[in-house]
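The block underneath contains the structure these notes are about, expressed in structure tokens.
See the structure below:
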């Protein structure tokens, strides 16, 4: 190796080393200080209404399980479809409603080569379920209508 090439290699190595050292030794940012006063922590025993609905996934929906709610809706709406109907139980959507019956269940279905869905509102208990609304349709319900059903609005009239 020539001395000129060695000098370049040494200079390059030194440059890389200097850059690495500079990058690792950058000044730490100063932590900001606050003049705000601390907000008191709420009493954990106080009852604060939650704006969140119960989870729509998991093993329990009140007294029901996901499978029970889905099957109740499938059983209630199967006759509204052709005999070849296939329900996509795994893709069922279950929403907690703000009114009774407390569960909105939407089960995708396929019948006669057409996508559809079953829609039910279910309350009560697994041994004595109550259905206020149960329908099967080949028309997908728009999200804004689903949100109205969750709030108990426009269910068969001016509710």
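Residue numbers (this note's numbering): 86 to 244.
Beta carbons are placed, not taken as given, at the ideal position from N, Cα and C, and that holds for glycine.
Three-state class that DSSP yields for residue i in the structure shown
| i | result |
| --- | --- |
| residue 178 | strand |
| residue 215 | strand |
| residue 148 | coil |
| residue 168 | coil |
| residue 189 | strand |
| residue 204 | strand |
| residue 235 | helix |
| residue 107 | With a pLDDT of only 35 at residue 107, under the threshold of 50, the placement of this residue in the model should not be trusted; the figure read from the coordinates follows. Residue 107: helix per DSSP, three-state reduction. |
Cβ neighbour criterion (16 or more within 10 Å) applied to residue i
| i | result |
| --- | --- |
| residue 183 | exposed |
| residue 168 | exposed |
| residue 179 | buried |
| residue 201 | buried |
| residue 157 | buried |
| residue 203 | buried |
| residue 199 | exposed |
| residue 187 | buried |
| residue 234 | buried |
| residue 213 | exposed |
| residue 177 | buried |
Beta-bridge pairing of residue i - partner residues as DSSP gives them
| i | result |
| --- | --- |
| residue 158 | DSSP output for residue 158 lists no bridge partner at all. |
| residue 199 | 196 |
Integer-rounded CB distance, given that residue j should sit under 8 Å from residue i
| i | j | result |
| --- | --- | --- |
| residue 216 | residue 207 | 6 Å |
| residue 150 | residue 219 | 19 Å between Cβ atoms; not a contact. |
| residue 170 | residue 196 | 4 Å |
| residue 173 | residue 190 | The Cβ separation is near 13 Å, so there is no contact. |
| residue 221 | residue 165 | 3 Å |
The ligand SAM heavy atom lying under 7 Å from the CB of residue i
| i | result |
| --- | --- |
| residue 227 | With respect to the ligand SAM, the structure shown offers nothing to examine, as it has no ligands at all. |
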